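Undergrad:
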Amino acid sequence: MRLAAETAELPQTPSRRDNNKPQVIFLDAVGTLFGVRGSVGEVYRDFTHYQTGIDLDAEATNKVFYDLFKAAPPPEFPQVEPQDLLELEFNWWLAIAYDTFAGVGVLDQFSDFEGFFKHLFAYFASADPWVIYPDVRPTLTYWQQQGIELGVVSNFDSRLYSVLDCLNLSQFFTSVTVSTRVGAAKPKSQIWTCALAAHDCPPAAAWHIGDSYREDVEGAIDAGLRGIWLNRQ
4 MRLAAETAEL
14 PQTPSRRDNN
24 KPQVIFLDAV
34 GTLFGVRGSV
44 GEVYRDFTHY
54 QTGIDLDAEA
64 TNKVFYDLFK
74 AAPPPEFPQV
84 EPQDLLELEF
94 NWWLAIAYDT
104 FAGVGVLDQF
114 SDFEGFFKHL
124 FAYFASADPW
134 VIYPDVRPTL
144 TYWQQQGIEL
154 GVVSNFDSRL
164 YSVLDCLNLS
174 QFFTSVTVST
184 RVGAAKPKSQ
194 IWTCALAAHD
204 CPPAAAWHIG
214 DSYREDVEGA
224 IDAGLRGIWL
234 NRQ
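Quick note, in this note's numbering, the sequence shown goes up one by one and the last residue is 236.
What follows is the structure, given as structure tokens:
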């Protein structure tokens, strides 16, 4: 039987049916620890207007972006040389952004879209487009005080390290496992195998918490962890 706990906020303590404190708690990043400030469409609109003067419809941009994001191949690059990784990550997002701006009919207004996108890509490595959910810091602090190791397991890219630093969240985490660097994206078990190895922890002694039922809960359970669904909706 597959079990997953629904919760409106990060669960600070084990449930009544599970009195064993985990050795490690892994968390997803976007949608769990922090989210986009407003919406992707609003961030794209404001950044684009500031940089170029080009106007975007935020709602339409947001819809096109998420349709393309959901349809894109997972951000994983197995058997890639380290020196090639950053370019692959950039091109993965460039393709989505290119099709997004084309989809809302403004691509032809750019004289150098790739040059513009380099600035947009770097912007999402900063703190400005993100907001930390209010339950995050108190809960991470509590878990640290309980002696529980913490890690991040995310289908993000190498910018996640910078984002965690900029948001002052890095201090909480012993490990950060990113799909692009592992070569496997959630819900594939390999990403948790790598994360667990960093803590010398067996799957049964670990939790994983995230906002995607398929990627975070079912993926974690398939890997032998306890999967907990953080349903922020």
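Here a beta-carbon is modelled for each residue, glycine too, at the ideal position from N, C-alpha and C. Fair warning: this is a prediction, and the values are worked out from it, not measured in the lab.
List, from N- to C-terminal side, the beta strand (DSSP E) runs of 3 residues or more that fit wholly inside the stretch 148-205.
TA: Here the runs fully enclosed are 152-157 and 178-181.
Undergrad: Under the three-state reduction of DSSP, which class applies to Leu3: helix, strand or coil?
TA: With the chain represented from 4 up to 236, any question about residue 3 goes unanswered, as that position is not in the structure.
Undergrad: Just how far apart, CA to CA, sit Lys191 and Ala98?
TA: So the two alpha carbons sit approximately 23 Å from each other.
Undergrad: Which whole-angstrom value is the C-beta distance of Leu36 and Val139, which I expect to be below 8 Å?
TA: That pair is a contact at about 5 Å.
Undergrad: If Val220 and Gly227 are in contact, beta carbons under 8 Å, what's the gap, nearest whole angstrom?
TA: Incorrect: roughly 13 Å between the Cβ atoms, too far for contact.
Undergrad: Thinking just about the alpha-carbon of each residue, which of Trp195, Phe176, Ala200 and Lys121 is nearest to the one in Ser182?
TA: Nearest of Trp195, Phe176, Ala200 and Lys121 to Ser182, Cα basis: Trp195.
Undergrad: Of the choices Ala128, Phe175 and Val179, whose alpha-carbon is the least far from that of Trp96?
TA: Ranking Ala128, Phe175 and Val179 by Cα distance to Trp96 puts Ala128 first.
Undergrad: Under the three-state reduction of DSSP, which class applies to Leu228: helix, strand or coil?
TA: Coil, per DSSP.
Undergrad: Of all the options Arg184, Val39, Pro85 and Cys197, which has the alpha carbon lying nearest to the alpha carbon of Tyr164?
TA: Ranking the options by Cα distance to Tyr164, first place goes to Arg184.
Undergrad: Under the assumption that Val107 contacts Thr64 (Cβ atoms under 8 Å), give the Cβ distance between them as a whole number of angstroms.
TA: About 5 Å separates the two Cβ atoms, so the contact holds.
Undergrad: For Gln82, I'd like the list of residues in its chain whose CB is within less than 6 Å of its CB, leaving aside the five on either flank, ordered along the chain.
TA: So no residue of the chain qualifies.
Undergrad: By alpha-carbon positions, which one of Pro206, Pro25, Asp111 and Thr142 ends up nearest to Asp225?
TA: The shortest C-alpha separation from Asp225 is found at Pro206.
Undergrad: For a quick check, are the C-beta atoms of Ala188 and Phe29 less than 8 Å apart?
TA: No, the Cβ-Cβ distance between Ala188 and Phe29 is not below 8 Å.
Undergrad: Taking its Cβ as the centre, do 16 or more other Cβ atoms sit within 10 Å of Ser114, making it buried, or is it exposed?
TA: Classification of Ser114: exposed, given that the 10 Å Cβ count is below 16.
Undergrad: Could you tell me which residues DSSP pairs with Ile1 in its beta bridges?
TA: With the chain covering only 4 through 236, there is no way to say anything about residue 1.
Undergrad: Output needed for Phe72: all residues of its chain with C-beta closer than 8 Å, excluding positions within five of it in sequence on either side, in chain order.
TA: Cβ neighbours of Phe72 beyond the five flanking positions: Ile99.
Undergrad: Which runs of the alpha helix (DSSP H), 4 residues or longer, sit entirely within the stretch 94-133?
TA: Counting only runs of 4 or more, we get 116-126.
Undergrad: I'd like the list of long-range same chain contacts for Leu6, defined as Cβ closer than 7 Å, with 5 residues on each side in sequence excluded.
TA: Reliability fails at Leu6, whose pLDDT of 30 lies under 50, so the model's placement of it is uncertain and the value that follows must be treated cautiously. So the list is empty, once near-sequence residues are dropped.
Undergrad: Is the beta carbon of Gln147 sitting closer than 8 Å to the one on Phe104?
TA: No, they are not a contact pair.
Undergrad: What does DSSP give as the partner residue(s) for Trp210 in the beta ladder?
TA: Paired residues: Ile28 and Arg229.
Undergrad: How would you label Val134, buried or exposed, when you count the other beta carbons within 10 angstroms and need 16 or more for buried?
TA: Classification of Val134: exposed, given that the 10 Å Cβ count is below 16.
Undergrad: Enumerate in chain order the residues of its own chain whose CB-to-CB distance from Gln112 is below 6 Å, with the five nearest sequence positions on each side excluded.
TA: The residues are Ile57.
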